[in-house]
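Asker: Take this structure, written in structure tokens, and hold onto it; I'll ask about it next.
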Amino acid sequence: MPVPLTPEQIAELERSGGSLFVVVNPQTRQGYVLVPTDAYLQAKPLFEAIIGRMPGSVSLSAQDQLGPVEWNDVKNARRCALIDKKHDAGLLPAEETELDRLQAELAAHQRLVAPRPLAILELLEDALRQRAANSTGRA
């Protein structure tokens, strides 16, 4: 669930030039890092591995407790229909929940039949290559 930023936070975020932005809960002193959406989507496998679940979806630990997930063409067709509807007309809250569940089931099925253990390493390799290219002046 997106949370609106205060005008002060927006101004500071704009001054940061799109780089990492830290906010702190003054009551708990817990810090949170805001990152641009494209950076988050690129690092999503890394976040999933570290945090263990994605906000707004069924937690991986809860999904694992369900046991092996049976994935089939009917579920995939429903998932695709919900995605199309989401982009065409929007989803009802119950449909959002259903789509989140189907997405989590698909992810669990994919981990079972085609695990991607190197996703995190691939992200790190890409970041290191980009850093090396930037430090040598190549884009």
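The working numbering runs 302 ahead of the 1-based position in the sequence shown. We put the beta carbon where it would ideally sit given N, CA and C, even for glycine. Quick caveat: nothing in here was measured; it's all calculated off a predicted structure.
(1) Is it the case that the Cβ atoms of Leu336 and Phe323 are separated by a distance below 7 Å?
(2) Can you give me the C-alpha to C-alpha distance between Asp375 and Ala345, rounded to a whole angstrom?
(3) Could you have a look at Val415 and say whether DSSP puts it in helix, strand or coil?
(4) Looking at C-alpha atoms only, which residue of Asn378, Gln329 and Pro338 is the closest neighbour of Ile312?
(5) Which residues mark the beginning and the end of the alpha helix (DSSP H) in which Leu307 is found?
(6) Closest to Val445 by C-alpha separation, out of Val305, Leu343, Asp340 and Ala341, would be which residue?
(7) Let me know the secondary structure DSSP gives Glu314 once reduced to three states.
(8) Using only alpha-carbon positions, find the residue among Arg433, Arg403, Ala429 and Leu384 that is nearest to Trp373.
(9) Assign Ala406 to one of two classes, buried (16 or more other C-beta atoms within 10 Å of its C-beta) or exposed (fewer than that).
(10) In terms of residues, what are the limits of the alpha helix (DSSP H) holding Val376?
(11) Run the CB neighbour count on Ala391, radius 10 Å, all protein chains shown included, and call it buried at 16 or more, exposed below.
(12) So, for Thr438: in the same chain, excluding its five sequence neighbours on each side, which residues have a beta-carbon less than 6 Å away from its beta-carbon?
(13) Going by beta carbon distance, what residues of the same chain come within less than 8 Å of Ile385, once the five residues before and after it are set aside?
(14) What separation, rounded to the nearest whole angstrom, lies between the Cα atoms of Leu394 and Gln412?
Answerer: From the atom records:
(1) As a first step, residue 336 is located in the sequence shown; it is residue number 34 there, counting from the start. As a first step, residue 323 is located in the sequence shown; it is residue number 21 there, counting from the start. Contact: yes.
(2) Taking the sequence shown and counting its residues from 1, the one referred to as residue 375 is at position 73. Taking the sequence shown and counting its residues from 1, the one referred to as residue 345 is at position 43. In a straight line, the C-alpha of Asp375 is about 29 Å away from that of Ala345.
(3) If you number the sequence shown from 1, residue 415 lands on position 113. In this structure, Val415 counts as helix in the three-state DSSP scheme.
(4) Within the sequence shown, the letter at position 10 stands for residue 312. For the residues Asn378, Gln329 and Pro338, the minimum Cα distance to Ile312 belongs to Pro338.
(5) Residue mapping note: residue 307 aligns to position 5 of the sequence shown, counting from 1. Counting along the chain, Leu307 falls outside any alpha helix (DSSP H), and DSSP gives it neither H nor E.
(6) Absent from the model: residue 445. The displayed extent of the chain is 303 to 441, so no value can be given.
(7) Here residue 314 refers to the residue found at position 12 when the sequence shown is read from its first residue. Three-state DSSP puts Glu314 in a helix.
(8) Your numbering for residue 373 matches position 71 in the sequence shown. Nearest of Arg433, Arg403, Ala429 and Leu384 to Trp373, Cα basis: Arg403.
(9) For the purposes of this step, residue 406 is identified with residue 104 of the sequence shown, where counting begins at 1. That one is buried.
(10) Taking the first residue of the sequence shown as 1, we reach residue 376 at position 74. Asp375 to Asp390 is the span of the alpha helix (DSSP H), which, as asked, contains Val376.
(11) Translated into positions along the sequence shown, residue 391 becomes position 89. Exposed, because fewer than 16 other Cβ atoms sit within 10 Å of the Cβ of Ala391.
(12) The residue labelled residue 438 in the question sits at position 136 within the sequence shown. Cβ neighbours of Thr438 beyond the five flanking positions: none.
(13) Numbered from its first residue, the sequence shown carries residue 385 at position 83. Taken in chain order, the residues that qualify are Leu401.
(14) Start at 1 with the first residue of the sequence shown, and residue 394 comes out as number 92. Start at 1 with the first residue of the sequence shown, and residue 412 comes out as number 110. Each residue's alpha carbon lies about 27 Å from the other.
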